[in-house]
Amino acid sequence: MSETEENLPSERESAHEGAVGKTDNPFADPGLPPHEHRIQDIDERAARRSERTVALLFLVSMLATVAFIASYVAIPIDKIIYVFPLGHISALNFALGLTLGVALFCIGAGAVHWARTLMSDVEVADDRHPIEAAPEVKAKVLADFAQGAKESQFGRRKLIRNTMFGALALVPLSGVVLLRDLGPLPEKKLRTTGWKKGVRLVNQSTNLPLRPEDIAVGSLTFAKPEGLEESDEDFANKIAKDALMLVRIQPQNIKDKQELAWSHEGIVAYSKICTHVGCPISLYEQQTHHVLCPCHQSTFDLSDGGRVIFGPAGHALPQLHITVKDGFLEAVSDFAEPVGPSFWERG
Ligand code: FES
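Residue numbers (my numbering): 1314 to 1660.
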C-alpha cells in the first residue's frame, strides 16, 4: 500500500469529524468506498501492455501527421474521388481531414489510456482551504505536484514520454505547411484578362463569333474571347476573368461619354463579374438598362458607365472597348482596370 493510501483513513476521519462537529449532522458520512486496484497496479506485465498501447497510439499519430503532409504535397487540388456514403468529394480535403483527425484522435486516446491505466487513481479527500494559499499550502501543492509527477511515471516510462513528445512536436507541422496557401502573390494575374487588341467576341452558348446584328435591343448576350474553349485545362480560371456581357442601348440614351466612345452602334460590353465578391451577373432590365447581381442585389447602370446604383459593390463594372472588323465584334484592348472584386493593391 502506498504512503498516500495509508494516510487516507485518517484524512477521511478528520474530514468526517469536522463536518459532524460543525453542523451536528445526524447522518453518518459514508466516506470514500474502498480503493480497488487495477490490473496494471498489481501486474507489471499488464502495465507494460498498457505502456505499449499508449506508445502505439502516439506512433500512429506521428504517422498520420506525416501522411497529412505527404497528402498536401502529392494530391492535386482538383482531384475528385467517390467515397461512400459521402459521394464525389475532393480527394485532397478528404485526405487532409482524415489524417489530421487520426493524428489528433490518437494523441487524445493515448493520453486518456495512459491516465486510466498507468497514472495513480487513488481517491483523495481534500479539505477546502482559504482562497489565499498559506505558505504551507503552497509547499503542499509543490509536494503534491512532485508526487503526481512521480505517480504518472513520466520519468520512468521513457517510451511513452518520448513518443508523446514526438507526436506533440509533429502535429503543429500540419498547420505550418498550410501557410503555403498564403502565397504566391498573384502579381499581375488580377490585372490582365484574355482580352487584347483584335480578339473576337464569341457567343458563350453557341461558340460562334458575334456580329453587331446578333445583339438585339433588350437582350443580354454573354461572350468570351475567341479561342477559349470549355475543354481548356484552365477554362474555369480564365472565364472567371474573361466573362463578358453585351447589351444594345440607343446611343442617345448612353449618358457616359467614354462609354459611348468604347461602344459600337450602342452595343456596350461589360465584365460579367460582379465587383462585390465576384458572382456572375445574370439579370437585365431593358427599360432602365440596369443589371442585377443575384448574390447580394448589387445593381449597375449600363447606360451610365456601369455605375453602382444599389447594393454592396464597391466600384463600377469595367467596360471593354470594342469595335467591328470584317463584320465581327472584336476587342480594341484589354480592360483598362482589373475586373471583379476589390483587392488591397487595386488602387
Ligand atoms: S457578389 Fe454581387 S452583390 Fe455580392
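Even glycine gets a Cβ: it sits at the ideal position worked out from N, Cα and C. Here the structure is a predicted model, which means the values were calculated and not measured.
Under the 8 Å Cβ criterion, the segment 1562 to 1577 does not count as touching the segment 1540 to 1551, having fewer than three qualifying pairs. Assignment of N1516 by DSSP, reduced to helix, strand and coil, places it in the strand class.
When only Cα atoms are considered, P1625 and L1559 end up about 23 Å apart.
DSSP, reduced to helix, strand and coil, places Q1632 within a strand of the structure shown. Going by DSSP, I1473 is part of the alpha helix (DSSP H) stretching over 1471 to 1491.
With a cutoff of 7 Å, Q1632 does not count as near the ligand FES, since its C-beta is closer than that to no heavy atom of the ligand. Relative to the ligand FES, the beta carbon of S1611 is positioned inside 7 Å of a heavy atom. The beta-carbon distance between F1648 and L1633, rounded to whole angstroms, is 6 Å. This is short enough to meet the 8 Å contact definition. Relative to the ligand FES, the beta carbon of C1419 is positioned no closer than 7 Å to any heavy atom. With fewer than 16 other Cβ atoms from the protein chains shown falling within 10 Å of its own Cβ, V1454 counts as exposed. Annotated three-state conformation of G1400 is strand, per DSSP. Apart from the 5 residues on each side of it in sequence, P1654 sits with its Cβ closer than 7 Å to the Cβ of T1588, H1589, V1590, G1591 in its chain, given in chain order.
Separation of G1421 and E1364 (C-alpha to C-alpha, rounded to the nearest whole angstrom) is 15 Å. Not one heavy atom of the ligand FES lies closer than 7 Å to the C-beta of G1410. Per DSSP, S1374 is one residue of the alpha helix (DSSP H) stretching across 1357 to 1387. For V1425, the secondary structure class from DSSP, reduced to helix, strand or coil, is helix. Assigned with DSSP and collapsed to three states, F1641 falls in strand. No heavy atom of the ligand FES is found nearer than 7 Å to the CB of P1651. With contacts defined as CB atoms closer than 8 Å, R1513 and L1642 qualify as a contacting pair. Inter-residue distance for V1450 and L1472 is about 34 Å (C-alpha atoms, whole angstroms). For the pair of segments examined, the segment 1502 to 1522 was found to touch the segment 1533 to 1545: the number of CB pairs separated by less than 8 Å reaches three. The continuous beta strand (DSSP E) containing D1614 extends over residues 1612 to 1614.
With a cutoff of 7 Å, G1624 counts as near the ligand FES, since its C-beta is closer than that to a heavy atom of the ligand.
V1604 has its CB no nearer than 7 Å to any heavy atom of the ligand FES. Runs of beta strand (DSSP E) with 3 or more residues, each lying fully within the segment 1524 to 1572, are found at 1534 to 1538, 1557 to 1561, listed in chain order.
Exposed is the label assigned to Q1565, since fewer than 16 other Cβ atoms lie within 10 Å of its Cβ. Using a cutoff of 7 Å, the CB of V1621 does not count as near the ligand FES, since none of the ligand's heavy atoms is closer than that. With a cutoff of 8 Å on beta-carbon distance, F1381 and L1413 are scored as near each other.
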